[in-house]
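Asks: Chains as they are written, first to last, in the numbering used here: chain U, 5 to 353; chain L, 102 to 453.
Ideal placement from N, C-alpha and C gives every residue a C-beta, glycine not left out.
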């Protein structure tokens, strides 16, 4: 397939784009360096008083039981979890925005969050599930099932499933399910308490073992994303133009939907609903690299984990206890999104 | 094929490989824990928190009439109330007051429930039966923080008991239904509140005798064990938090009365303090008693996660899962009495 030119939108922007070379590679390198720094911070910060040399010794397997436990059982898993969840959210957000050509699209729009929450509430209320490992399966199953339902509703009737119909179906199904979820949790105070903490979105207390069953789905999701990235550039110019350029519009959409479902469902299964990452990171990526979807995806893959790990690290510092990562991303995300929204020229689609 | 996405796939493979590497590199914690023992230092409870015996009703409160004498006038935290005759239809609105009334031989006609709890908590059911009633005879008046005034009025009570915490604005409304006596309601104040409530019922001496009995049983346990060299950690596991229960929790007061040392994480002047997973080792003790929200204490981990497994008390077999409802959700004489019973059992088992 030929490499497509960046879509052109107005002379002024094209001129600006020519005038300022995009820091694509240098931005990526800087992002990776920052990612390494926050990942290291993820290992060295926490409520336990440990110096950096102590952490390094514990990393090499030397130290007291509690130091080893803190680094290996608590800090490494939550940092790895934040990296994986962030990457999945970033890619699925970028794909959603590209496919729907809507800068406010978010992986949750297809119903992954609502489906996961609904399934977890059912699991708690009907089967008395009370372990993170148990929530994970319900969340993943719910996310996949509800996204499939949204696809089915969106593609019912005549003609193919357009992004608009999918979005409407997702919002409608999501609203119904959230209502039922609220009803369940209000009737069952125990479920309410458990849902409250799941709903905040957190990477704490998840063993790396939980990653095993989800990782293959995430890998598949990333592969689908990679295959869809090129044609998405064409689709960004509109379906008709994309077809005339030789892109397989329908096939690309299916790839994107599969990728978003697997990635958003997997991330929600692992950490609960973490908002703003999938919405905000693609904007930052677009602002850095311009409109090429392939570069946006690669940058989202680096920037989103950067945000989630940083939010997790920040959450350990802010209060005497800990703030769940989902709450920190909302706090960090909202102002950044406002700033980006005001620079519409830079981040618009 | 587009060129760039390969980078994506490569980085993902790298992530997977890194994860596998991490799992493979993890040091063997089982080995590290072999020499671990409770190394911390327990802290004695401040003496002003100790003493079921020294409890007195705040000055100017209570009643001048003698035991069982009616009509009586009761000075309480929200005013002065005349109680014309021995109350037969009592409604308890606030937490711990059902426990208090039952411990004095009175079965209320109505009571409230805590959030996510039954009107009559399971641990009080045997007492209700002993008093010749059944739990269903005690009508629900709604949630503790939002009692239904109409339901209370429908019960035609002759005495309403409440407390200031959360109900302050309802005192006038409740008084319009029936004579109402209010206590303070802070969780650490239950013993003083108990006497004031007993005074309204004309049974203050009985309440004092109950507290005396708790003090004596505590002394007995203290004489048989060595509380001043034993650190007892009380931990409550909730969904997303772990709480080290402090000296002002009901169970904490029982431990203080016996004279146990408490871990550094147990606050001296609060009901509890959250402990992060990373610092959980500081909540270790010679003995660990733990409950979990929603856990009955019957399953081995009380329904909580496996977070506590790293504590030396668990590895030494010195951890006991207990009924969260009795230990950590309720305050009162009957709850304290059961806590003392279970403490004696736990200590006996630990000594074997």
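1. Let me check one thing: in DSSP terms, what residues is residue 191 of chain L bridge-paired to?
2. Can you find a CB in chain L that lies within less than 9 Å of the CB of residue 96 of chain U?
3. Label residue 283 of chain U either buried or exposed according to how many other C-beta atoms from any shown protein chain fall within 10 Å of its C-beta, with 16 as the threshold for buried.
4. Suppose contacts are defined by Cβ-Cβ distances below 9 Å. Is residue 235 of chain L in contact with residue 256 of chain L by that definition?
5. State yes or no: is the beta carbon of residue 436 of chain L nearer than 9 Å to at least one beta carbon in chain B?
6. Counting only Cβ pairs nearer than 8 Å, list the residues of chain L close to residue 74 of chain U.
7. Using three-state DSSP, classify residue 163 of chain L as helix, strand or coil.
8. For residue 52 of chain U, go through chain L and note every residue whose CB falls closer than 7 Å to its CB, in chain order.
9. What are the residues that DSSP puts in a beta bridge with residue 176 of chain L?
10. What does residue 193 of chain U touch in chain L if you count any residue whose Cβ is under 9 Å from its own?
11. Going by C-alpha distance, which of L:155, L:281, L:388 and L:159 is nearest residue 190 of chain L?
12. Below 7 Å on C-beta distance, what does residue 198 of chain U contact in chain L?
13. Give the single residue among U:155, U:81, U:132 and U:303 whose Cα lies nearest to the Cα of residue 116 of chain U.
14. Do residue 409 of chain L and residue 336 of chain L have their CB atoms nearer than 9 Å?
15. Compute the distance between the beta-carbons of residue 376 of chain L and residue 319 of chain L, then report whether it is under 9 Å.
16. Nearest CA to the CA of residue 370 of chain L: which residue from L:386, L:353 and L:383?
17. With a threshold of 9 Å between beta-carbons, can residue 209 of chain U be considered close to chain L, or not?
18. In chain order, what residues of the same chain lie with their CB nearer than 7 Å to the CB of residue 357 of chain U, ignoring the 5 residues before and after it?
19. Output, in chain order, the set of chain U residues within a Cβ distance shorter than 7 Å of residue 128 of chain L.
20. How about residue 80 of chain U: is its C-beta nearer than 9 Å to some C-beta of chain L?
21. In this structure, does DSSP put residue 431 of chain L in helix, strand or coil?
22. Is there at least one Cβ from chain U nearer than 9 Å to residue 411 of chain L's Cβ?
23. What do you get for residue 110 of chain U, buried or exposed, if any count of 16 or more other CB atoms within 10 angstroms of its CB means buried?
24. Checking 9 Å against the spacing of the C-beta atoms, do residue 79 of chain U and residue 136 of chain U come in under that value?
25. Could you tell me which residues DSSP pairs with residue 252 of chain U in its beta bridges?
26. Per DSSP, what are the beta-bridge partners of residue 145 of chain L in this structure?
27. If contacts are defined as beta-carbon pairs under 8 Å, then residue 271 of chain U and residue 89 of chain U qualify, I think. What distance do you get, rounded to the angstrom?
28. Between residue 58 of chain U and chain L, is the shortest Cβ-Cβ distance under 9 Å, so that the two count as touching?
29. Take residue 420 of chain L and list the residues in its own chain whose beta-carbon comes closer than 6 Å to its own, dropping the five residues that flank it on each side.
30. Please list, in chain order, the chain L residues whose beta carbon lies closer than 7 Å to that of residue 159 of chain U.
31. What residues from chain U crowd round residue 265 of chain L, counting only those whose CB sits closer than 8 Å?
32. Name, going along the chain, the residues of the segment 25-39 of chain U whose beta-carbon falls closer than 7 Å to a beta-carbon of chain L.
33. Please identify the residue among U:102, U:291, U:200 and U:174 whose C-alpha is closest to the C-alpha of residue 112 of chain U.
34. Tell me whether residue 68 of chain U sits in a helix, a strand or coil according to DSSP, three-state version.
35. Can you round the beta-carbon distance between residue 121 of chain U and residue 277 of chain U to whole angstroms, since I take them to be within the 8 Å contact cut?
36. Exposed or buried, residue 444 of chain L, counting other C-beta atoms within 10 Å across all chains shown (16 or more means buried)?
Replies: Once the coordinates are examined:
1. Paired residues: L:260.
2. Proximity of residue 96 of chain U to chain L, defined by a Cβ-Cβ separation below 9 Å, is not satisfied.
3. Residue 283 of chain U comes out buried.
4. In terms of Cβ geometry, residue 235 of chain L and residue 256 of chain L do not form a close pair [threshold 9 Å].
5. Of the protein chains in this structure, namely U and L, none is chain B.
6. The answer, in chain order, is 379.
7. Strand.
8. The contacting residues are 379 and 380.
9. For residue 176 of chain L, which the question treats as bridged, DSSP gives the partners L:163 and L:181.
10. What residue 193 of chain U touches in chain L: 216, 217 and 218.
11. Of the listed residues, the one whose Cα sits closest to residue 190 of chain L is L:281.
12. What residue 198 of chain U touches in chain L: 340.
13. Residue U:155 is the option with its Cα nearest to residue 116 of chain U.
14. A contact, by the Cβ cut-off of 9 Å.
15. Not closer than 9 Å, so no.
16. Nearest neighbour of residue 370 of chain L by Cα position, chosen from L:386, L:353 and L:383, turns out to be L:353.
17. Cβ-Cβ to chain L under 9 Å: yes for residue 209 of chain U.
18. Any answer about residue 357 of chain U is impossible in this case: the structure gives chain U only from 5 up to 353.
19. Result: 65, 72 and 76.
20. Among the CB atoms of chain L, one or more fall inside 9 Å of the CB of residue 80 of chain U.
21. Note: residue 431 of chain L maps to coil in three-state DSSP.
22. It does; some Cβ of chain U falls within 9 Å.
23. It counts as buried.
24. It is not a contact, given that the beta carbons lie outside the stated cut-off.
25. Residue 252 of chain U pairs with nothing; no bridge assigned.
26. By DSSP's assignment, residue 145 of chain L forms a beta bridge with L:362.
27. Beta-carbon to beta-carbon, residue 271 of chain U and residue 89 of chain U are separated by about 5 Å, close enough to satisfy the 8 Å threshold.
28. So no, residue 58 of chain U is outside the interface.
29. Excluding its 5 nearest sequence neighbours in each direction, residue 420 of chain L has C-beta neighbours in its own chain below 6 Å: 389 and 414, listed in chain order.
30. Within chain L, no C-beta atom comes nearer than 7 Å to that of residue 159 of chain U; the closest sits roughly 26 Å away.
31. Among the residues of chain U, none has a CB under 8 Å from the CB of residue 265 of chain L; the nearest is roughly 25 Å distant.
32. Those would be none; no residue qualifies.
33. Closest option to residue 112 of chain U, judged by alpha-carbon separation, among U:102, U:291, U:200 and U:174: U:174.
34. Reduced to three states, the DSSP call for residue 68 of chain U is coil.
35. Going by Cβ atoms, the distance from residue 121 of chain U to residue 277 of chain U rounds to 7 Å, so yes, they are a contact pair.
36. Result: buried.
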